[in-house]
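Notes follow once the structure below has been shown.
Numbering (this note's numbering), first residue to last: 3 to 182.
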């Protein structure tokens, strides 16, 4: 199919919501999903207008998946999105079968409490207070690079703590939820 205004509008109308639902597997953040899908359609229009795409549906799914994975790989977004995903999953009834929610929160809280004071404060500002690295740097009067380093240390120490304080199956699940 040659991409022209009509085929573009048809593809947009036919697949926008379907692709959004597909990306819901990767994140529950609908703003991110819509942004990624819009980027896919912008790319389709800008890069493929007048060109032929034989399987438009496959193109859209592959492009959306790849753009979402790229987004999730972005260092600034990855840890936050994984934590959001973990909270959503842990709040679902079926997740109780996989991971005991209370045990997870106790283990995570203990891991956070075991962090050095500076590291713990920065981690809490980032994860619980939802401050950006730049905002944390301003509040603590330190450089953004120091915040990044302290967050790296915090996540590493939390992973190590969880690995040493839970059985293998629980460790794999929890580390995948906290993995950077």
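From the three backbone atoms N, C-alpha and C, an ideal C-beta is built for every residue, glycine too.
Annotation for residue 50: the continuous alpha helix (DSSP H) segment containing it runs 32-50. With distances taken between CA atoms, residue 11 lies nearest to 46 out of 125, 108 and 46. Bounds of the alpha helix (DSSP H) holding residue 153 are 146-166. Annotation for residue 21: the continuous alpha helix (DSSP H) segment containing it runs 7-25.
The beta-bridge partner set that DSSP reports for residue 54 consists of 4. Under the DSSP assignment, residue 123 falls in the alpha helix (DSSP H) whose first and last residues are 119-129. By the beta-carbon neighbour count (other beta carbons within 10 angstroms, threshold 16), residue 113 is buried. DSSP places residue 137 in the uninterrupted alpha helix (DSSP H) bounded by 135-142. When only Cα atoms are considered, residue 20 and residue 53 end up about 23 Å apart. The beta carbon of residue 156 is closer than 6 Å to those of 117, 121 and 125 in its chain, skipping five residues each way along the sequence. Rounded to whole angstroms, the separation of the alpha carbons of residue 8 and residue 56 is 16 Å. Cβ contact annotation for residue 13 (same chain, cutoff 6 Å, sequence separation greater than five): 58, in chain order. Nearest to residue 165 by alpha-carbon distance, out of 110, 67 and 140, is 110.
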